[in-house]
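Numbers in this note's numbering are just positions in the sequence shown, counted from 1, shifted up by 1. Quick notes on the structure that follows.
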Amino acid sequence: MNKNDYTIRLERPEDYREVENLVREAFWNVYHPGCSEHYVIHVLRDDPAFIRELDLVMEQDGRLIGQNMFMKTVINGDDGRVIPILTMGPIGITPELKRKGYGKIILDYSLEKAAEMGFGAVLFEGNIGFYGHSGFDYARNFGIRYHDLPEGADDSFFLCRELIPGYLDDVTGVYQTPAGYYVDPAEVEEFGKDFPAKVKLKLPGQLD
2 MNKNDYTIRL ERPEDYREVE NLVREAFWNV YHPGCSEHYV IHVLRDDPAF
52 IRELDLVMEQ DGRLIGQNMF MKTVINGDDG RVIPILTMGP IGITPELKRK
102 GYGKIILDYS LEKAAEMGFG AVLFEGNIGF YGHSGFDYAR NFGIRYHDLP
152 EGADDSFFLC RELIPGYLDD VTGVYQTPAG YYVDPAEVEE FGKDFPAKVK
202 LKLPGQLD
């Protein structure tokens, strides 16, 4: 792979269905039987918190192979402040190109663009084994808690990266997932009828 092997650009309206299918392929049977991420991105594009300037796709040989997107959200500070931050994803790479470095490339590129826009920090749900290579750490180490998570529960999925060094130095509080990420399973099923049929499988390692 070299820098001439791919391009990263903003998503365009004519890309929407191809991106949704890419995301569906990338997440199918990963966390749950089937997936909802393709519908989530469909819904989030119309959300006021959606950041079009950070809605990115990766292209190779005329086809889309990866994507990432960001949403504005907040930390409700323990001192009463409301701290603006970003959350991220879904971020996906077409299955046949996973584990070849493309995911880290679009991740690092998109984080650099978010920093250039002046955003202070990104918090989201992910695997530290992958995202740690791009500067993420456990959110607990920044004093940030995941909303609705019982005290003492496993929070190793909840990650944070400062884009402005020291942005969260004096902050403790609770992260709020944007409401747009919560979708109706019945709507997911209806939306999925417009895509090629796929088999839902219960696999080891899924969340449920």
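Using N, Cα and C, we set each Cβ at its ideal position, and we do this for glycine too.
Can you tell me whether Asp56 is buried or exposed, with buried defined as 16 or more other CB within 10 angstroms of its CB? Asp56 comes out buried.
Could you work out which residue in Val175, Leu208, Lys201 is closest to Gly78 when comparing CA atoms only? Val175
The beta strand (DSSP E) that contains Arg212, what's its start and end? A question about residue 212 goes unanswered here, because the residues of the chain that appear run from 2 up to 209.
Please report the Cβ distance between Leu164 and Tyr139, rounded to the nearest whole angstrom; I am assuming they are in contact, meaning their Cβ atoms lie under 8 Å. No, Leu164 and Tyr139 are not in contact; Cβ-Cβ is about 17 Å, not under 8 Å.
So, for Val189: in the same chain, excluding its five sequence neighbours on each side, which residues have a beta-carbon less than 6 Å away from its beta-carbon? Ser37, Tyr40
Can you tell me which of Pro91, Glu12, Leu45 puts its alpha carbon nearest to the alpha carbon of Glu126? Pro91
Whole angstroms is fine: what's the gap from His134's alpha carbon to Val75's? 24 Å
Leu23 in three-state terms, based on DSSP: helix
Measure the C-alpha to C-alpha separation of Pro151 and Arg64 and round it to an integer number of angstroms. 43 Å
Report back the beta-carbon spacing between Glu60 and Ile52 to the nearest angstrom; my notes put them in contact at under 8 Å. At roughly 20 Å, the Cβ-Cβ gap does not stay under 8 Å, so Glu60 and Ile52 are not in contact.
Sub-8 Å separation of Val44 and Met89 beta-carbons: no
Note down, in chain order, each residue of its chain lying with its Cβ closer than 6 Å to the Cβ of Gly136, except the 5 sequence neighbours on either side. Arg162
Indicate whether Leu87 and Met72 have their beta-carbon atoms separated by less than 8 Å. yes
Who are the Cβ neighbours of Asp16 in its own chain at under 7 Å, not counting the five residues just before and after it? Counting only Cβ-Cβ distances below 7 Å, and skipping sequence neighbours, we find Val58, Leu65.
Closer than 6 Å by C-beta to Ala50: which residues in its own chain qualify, once you throw out the five before and the five after it? Chain order, please. Hits under 6 Å: Met72, Lys73, Pro179.
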